[in-house]
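Here the structure is laid out as structure tokens; the discussion comes afterwards.
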Amino acid sequence: MTDPDRQDPLEQAIERIGEARDEAQALAPLVEQAERVSHWRTVQRFWPLLLIAVIATLLVSSGVVQELSLENLQNRHGELSALATHYPLLIRLAVFFTIVTLIVTSLPGSPLLAIVGGLLFGIGEGAFWSVLGDSTGALILFWLTRRSLGQGTPGTPGALIGKLKAGFLAHPTSFCLFLRLVPVFPFSPVSIALAWLGCRWRTFAWTTVLGVAPSAVVYAAIGDGFEAALKEHRALSMDMLSEPRFLLPMIGMGVLALLPVLMGLKRK
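Given below as structure tokens:
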């Protein structure tokens, strides 16, 4: 055996390179296994959000979302009324699940579905299905966001989240309720932001239910007014909003929208 002290420096370097190569070859299977586990965990973590994105893309590309309009509501009023009469449970579940889908995928149209509920079922029941659909969709989106993104991940983008953070940390319950009561804040992005901020499940649930109820009643009242107008064979138009049965709900919506201003004046 050659004395290590008498080995040529080149031979020593070659020997060390060989030892390092052997160690790397021994570790290679472990590295590959760790990479597979890491990739699988990433897929498990984010697949719900990817699925939501795929569903939203399919709905938009299919043209279904574009069908949600007052014009189509007027054209299909008779058909919808007949379905509500012959299949009362089915049409209610259809309204409910459509609202849930729109909320989870962050697509527009849930206010129109609330109007449809008021038109078909009346103010009380229409508002009930709207609140149930909005709340269920928000809770699903809240859970999926918490599962995928966690809470307060450093570097998470979003200007809305940054603006909400200070107020939420100071008064979480009041802040959640305020965001739900005022209709100017986007519903689904607020749900995502509150999940990221670490809002408690129970606080999120009851503030969402209580917060969306006034808007749901307003939209259902508008739908009920549309039902009366359609029975009179009148075309739905913006001119109808000046009538008392439409004007009062719209005033209610305006009061909700002015809440930030009113609260600011009160503080001064």
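Numbering (our numbering), first residue to last: 2 to 269. From the three backbone atoms N, C-alpha and C, an ideal C-beta is built for every residue, glycine too.
R147 - containing alpha helix (DSSP H), residue span:
Taking the sequence shown and counting its residues from 1, the one referred to as residue 147 is at position 146. From DSSP, the alpha helix (DSSP H) with R147 extends over I124 to L150.
Which of helix, strand or coil DSSP assigns to Y88
Residue numbering aside, residue 88 sits at position 87 when the sequence shown is read from its first letter. Residue state, collapsed to three classes: coil.
Classify T102: buried if its beta carbon has 16 or more other beta carbons within 10 angstroms, exposed otherwise.
On the sequence shown, residue 102 is found 101 positions in, with the first residue counted as 1. T102 should be labelled buried.
Would you mind working out which of A115, G79 and T99 sits nearest A214, comparing C-alpha positions?
By one-based count along the sequence shown, residue 214 stands at place 213. The residue with the shortest Cα to Cα distance from A214 is A115.
I need the boundaries of the alpha helix (DSSP H) containing R203, first residue and last residue.
Within the sequence shown, numbered from 1, the residue matching residue 203 stands at position 202. Per DSSP, R203 belongs to the alpha helix (DSSP H) from W202 to K232.
Once the 5 residues before and after L178 are set aside, which same chain residues still bring their CB inside 8 Å of it?
Translated into positions along the sequence shown, residue 178 becomes position 177. Once the five neighbours on either side are set aside, the close Cβ partners of L178 are T208, L211 and G212.
Proximity of L198 and K232 at Cβ, strictly below 9 Å
Looking up residue 198 in the sequence shown gives position 197. Looking up residue 232 in the sequence shown gives position 231. Cβ atoms of L198 and K232: not closer than 9 Å.
Could you tell me if W48 is buried or exposed, where buried requires 16 or more neighbouring beta carbons within 10 angstroms of its beta carbon?
Mapped onto the sequence shown, residue 48 falls at position 47. With fewer than 16 Cβ atoms within 10 Å of its Cβ, W48 is classed as exposed.
Three-state secondary structure (DSSP) at S192?
Mapped onto the sequence shown, residue 192 falls at position 191. Of the three classes helix, strand and coil, the one that applies to S192 here is helix, per DSSP.
Is F186 helix, strand or coil when you go by DSSP?
Along the sequence shown, one-based indexing puts residue 186 at 185. Residue state, collapsed to three classes: coil.
Tell me where the alpha helix (DSSP H) around E72 begins and ends.
The residue given as residue 72 occupies position 71 in the sequence shown. Per DSSP, E72 belongs to the alpha helix (DSSP H) from L71 to N76.
Could you say if the region 130 to 140 and the region 93 to 110 meet the contact criterion of at least three C-beta pairs nearer than 8 Å?
yes
If we ignore side chains and look at the alpha-carbon of each, how far apart do A83 and P89 end up?
As a working mapping, residue 83 is identified with position 82 in the sequence shown. As a working mapping, residue 89 is identified with position 88 in the sequence shown. Distance between the alpha carbons of A83 and P89 is about 9 Å.
Using CA atoms only, rank isn't needed, just tell me which of T146, A229 and V219 is closest to I53.
On the sequence shown, position 52 is the one that residue 53 refers to. The candidate whose alpha carbon is nearest that of I53 is T146.
Rounded separation between V38 and L140 - CA only:
On the sequence shown, position 37 is the one that residue 38 refers to. On the sequence shown, position 139 is the one that residue 140 refers to. The predicted position of V38 is uncertain, since its pLDDT is 45 and thus under 50; a value taken from the coordinates is nonetheless stated next. Distance between the alpha carbons of V38 and L140: 30 Å.
Can you name, in chain order, every residue of its own chain whose Cβ lies under 6 Å from the Cβ of A85, other than the five neighbours on each side?
Looking up residue 85 in the sequence shown gives position 84. Shown here for A85: same chain residues with a beta carbon closer than 6 Å to its own, the five before and five after excluded, namely I92 and L121 in chain order.
Compare the beta carbon distance of T113 and I193 with 9 Å and say whether it is the shorter of the two.
Counting from 1 along the sequence shown, the entry for residue 113 is found at position 112. Counting from 1 along the sequence shown, the entry for residue 193 is found at position 192. Correcting the residue type first, residue 113 is Leu in the shown sequence and not Thr. Not a contact, by the Cβ cut-off of 9 Å.
If you count every other CB in all the chains shown that lies within 10 Å of the CB of S63, and 16 or more means buried, which is it?
Numbered from its first residue, the sequence shown carries residue 63 at position 62. Exposed is the call here.
If I measure Cβ to Cβ from A221 and keep anything under 7 Å in the same chain, skipping five residues before and after, which residues do I get?
Translated into the one-based positions of the sequence shown, residue 221 becomes position 220. Around A221: A115, G118, G119, I124, G127, A128 and S131.
Find the nearest neighbour of V105 within the set L51, E72, R203 and Q75, judged by alpha-carbon distance.
For this step, residue 105 is matched to residue 104 along the sequence shown. Among L51, E72, R203 and Q75, the Cα nearest to that of V105 is on L51.
Considering Cα atoms alone, identify which of S216, R201, V66 and G110 is closest to F169.
Here residue 169 refers to the residue found at position 168 of the sequence shown. Out of S216, R201, V66 and G110, R201 has the C-alpha closest to the C-alpha of F169.
Are D135 and F186 touching if we call contact CB-CB under 9 Å?
As a first step, residue 135 is located in the sequence shown; it is residue number 134 there, counting from the start. As a first step, residue 186 is located in the sequence shown; it is residue number 185 there, counting from the start. No, they are not a contact pair.
State the DSSP-derived secondary structure class of V65, mapped to helix, strand or coil.
Sequence index remark: in the sequence shown, residue 65 carries index 64 (1-based). Here V65 sits in coil by DSSP.
Might you give, ordered along the chain, the residues of its own chain that have their beta carbon closer than 6 Å to the beta carbon of V218, omitting 5 neighbours on each side?
Translated into positions along the sequence shown, residue 218 becomes position 217. So the qualifying residues of the chain are A128.
S107 - DSSP class collapsed to helix/strand/coil
Against the sequence shown, residue 107 aligns to sequence position 106. S107: coil per DSSP, three-state reduction.
Taking a contact to mean a Cβ-Cβ separation below 9 Å, would you say L60 touches V66 in this structure?
Counting from one through the sequence shown, the residue named residue 60 turns up at place 59. Counting from one through the sequence shown, the residue named residue 66 turns up at place 65. Yes, they are a contact pair.
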